[in-house]
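Peer 1: Quick note on numbering: the sequence shown equals residues 30 to 389 in the working numbering. Yeah, the Cβ is synthetic: ideal placement off N, Cα and C, and Gly gets one too. All of these numbers come straight from a predicted model, not from anything done at the bench.
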Amino acid sequence: MFNFSAGPAVLPKEVLQKAQSEFLNYEQSGMSVMEMSHRSKLYDAIIKDCEQHLRDLMNIPDNYHVLFLQGGASLQFSMIPLNLAQGKKALYVNTGAWAKKAIQAAKQVPGVEVEVIASSEDQNFTYVPEVSIDQVDQNAAYVHITTNETIGGVTYDKLPDCGKVPIVADMSSNILANNFKVEDFGVIYAGAQKNLGPSGVTLVIIRDDLLNKEPIFAPMLDFALQAKNRSLYNTPPTYAIYIMKLVLEWVKEQGGVPAMIQQDQAKAKLLYDTIDQSKLFSNPVAKKNRSITNIPFVTGDEALDQLFNEQALAQGFQNLKGHRSVGGMRASLYNAFPYEGVEALVTFMKAFEVENGGEK
Ligand SMILES: *Cc1c(COP(=O)(O)O)cnc(C)c1O
C-alpha cells in the first residue's frame, strides 16, 4: 500500500526499522529511549545530534536558536504574536486555511494589532498574492507567511520583500523541501508530523534578536526561557525528538535537502503532468505556486470523486481523500514518499479515466 497522508505522514522505512532495532535496548543502556531521563548523558547526545543535523541540513546560522517545543504548529499561531508583537502591529499574508487559522489566533492575543496585508481569497486561494514593500509598515513586528498551504496545495515561489521587517514562516508542510535560506527569516516553525518525524514535537528556529526581552506570563510560552534552557525547561517530547534525529540522519544519507527537492520535484511533475494531460482530473492552482508536497485534484463531479476515492482505497492508495473542508483528492508527497507510489497512482488514474471518461 501507499500512504498519501497529509500528516501524520509516511516515514522512511529505514527509520522505522532502526527505531525498532533500538527499541528495547538503546546503545547498550538496557533501556528504551522512551524510558530515559531527559537529563541523562545518553539523551543529551540525542537532542544535541538532532539539533546539529538540522543546523547542517538547513545551514542554520549561529545567531539562530533551534527549539523543540510542544503544542504543534497551532500553538505557534499564538506564541509568536505573544512573544514578538506586544504593543505592535503583526502583518499577515492570507493564502488559505492555515494562514487563516494563524490570523484568527493572533487576533485573540491581547495587545497585538493584526493586519492582513494581502490575500488570495478573491480567487479561492489558488495563488500567492504579491506583496510590495510599500504594503509593509516598517515598524511592524513581523510579516507572517505560510510557505506551503497543505490543504490548498499552494506554495511560495519566492519570498516577499519586507525590508527590515522579519518574515515569520509556518513551514510545517515543506520544511526540508524548499530552497529558502534560513537567514531570510526571523522565525521558522513547523509541526514535525509532515516532513520531519512523528507528531508531538514542534520545531522553532528563531533569530537571537527576536527573543522576547520581557518574561511572558506563562513560562512554557516564553521563547527566551525555552532558548535559555535549550528546550529542556521541562520534559520535552523525548521519543519524537529521537525519531526526528533518525529522519534527519536518513535525509543526510539521501544527499541532503537538494536531493530531497530533486526527488520531490520528480514525483510532483509526474502527477501534475498526468493531471494536466487528463480530460477528467484538474488542479486549480497557478502553475508557479503549485506545491510539490501536497497536490489536490478533482474530477469536478463529487460523486465521481467519491467513486475514485473508494476504488483507490480498495487498491491500497491510503489517505488520498481531500481535506474534509474541500473534498476531492489530495496526494501528499513528502520526502519519505516513494516515486513508485506516484507511478502506481498515475497508472490507476489513467485507468479510472478510461472507464469513467468525461470532460473537465
Ligand atoms: C499541519 C499544519 C499545521 C497544524 O499543525 P499542528 O502541529 O497540528 O498544530 C499548521 N500549519 C500548516 C501549514 C500545516 O500543514
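Between which two residues does the alpha helix (DSSP H) holding A128 run?
Peer 2: A126 to K136
Peer 1: Are three or more beta carbon pairs between the segment 94-106 and the segment 130-149 nearer than 8 Å?
Peer 2: yes
Peer 1: Any beta carbon from chain D within less than 8 Å of D305's own beta carbon?
Peer 2: Absence of chain D from the displayed structure is noted, only one protein chain being present.
Peer 1: Are the CB atoms of M378 and S307 nearer to each other than 8 Å?
Peer 2: yes
Peer 1: Within the continuous beta strand (DSSP E) that includes N123, where are the two ends?
Peer 2: K117 to N123
Peer 1: Rounded to a whole number of angstroms, what is the C-alpha to C-alpha distance between D190 and A295?
Peer 2: Straight-line measurement puts the Cα of A295 at about 29 Å from the Cα of D190.
Peer 1: Output yes or no for whether 8 Å exceeds the beta carbon distance between E399 and L120.
Peer 2: No statement about residue 399 is possible, as the shown extent of the chain runs from 30 to 389 and does not include it.
Peer 1: Using only the alpha-carbon positions, how far apart do K350 and K70 sit?
Peer 2: 44 Å
Peer 1: Within a Cβ cutoff of 8 Å, which residues of the same chain sit near R359, ignoring the five residues on either side of it in sequence?
Peer 2: The answer, listed in chain order, is F33, A35, I180, G182, N323, I324, P325, F326, L349, K350, G351 and H352.
Peer 1: With a threshold of 6 Å on Cβ separation, who are the neighbours of A365 within its own chain once the five nearest residues in sequence on each side are excluded?
Peer 2: V39, L40 and P41
Peer 1: Tell me whether K389 sits in a helix, a strand or coil according to DSSP, three-state version.
Peer 2: Confidence in K389 is poor, its pLDDT being 46 and thus under 50, which makes the residue's placement unreliable; the coordinate value appears in the next sentence. If DSSP states are grouped into helix, strand and coil, K389 belongs with coil.
Peer 1: With a floor of 4 residues, list each alpha helix (DSSP H) that falls wholly inside the segment 330-361, ordered by position along the chain.
Peer 2: 331-343
Peer 1: My output table needs one value for F214: the three-state DSSP class, helix, strand or coil.
Peer 2: coil
Peer 1: Taking 8 Å as the cut-off, does the segment 265-277 touch the segment 74-83 (at least 3 CB pairs, one atom from each stretch)?
Peer 2: yes
Peer 1: Using beta-carbon positions only, say whether V194 and A221 come within less than 8 Å of one another.
Peer 2: no
Peer 1: State the beta-bridge partners of S311 as determined by DSSP.
Peer 2: V327
Peer 1: First and last residue of the alpha helix (DSSP H) that includes L205?
Peer 2: Run containing L205: none; DSSP gives neither H nor E here.
Peer 1: With distances taken from CA atoms, which of K136, S354, V276 and A297 is nearest Q46?
Peer 2: Nearest of K136, S354, V276 and A297 to Q46, Cα basis: V276.
Peer 1: Shorter than 7 Å, the distance from the beta carbon of A38 to the closest heavy atom of ligand 2, or not?
Peer 2: Absence of ligand 2 from the depicted structure is noted, with ligand 1 being the only ligands included.
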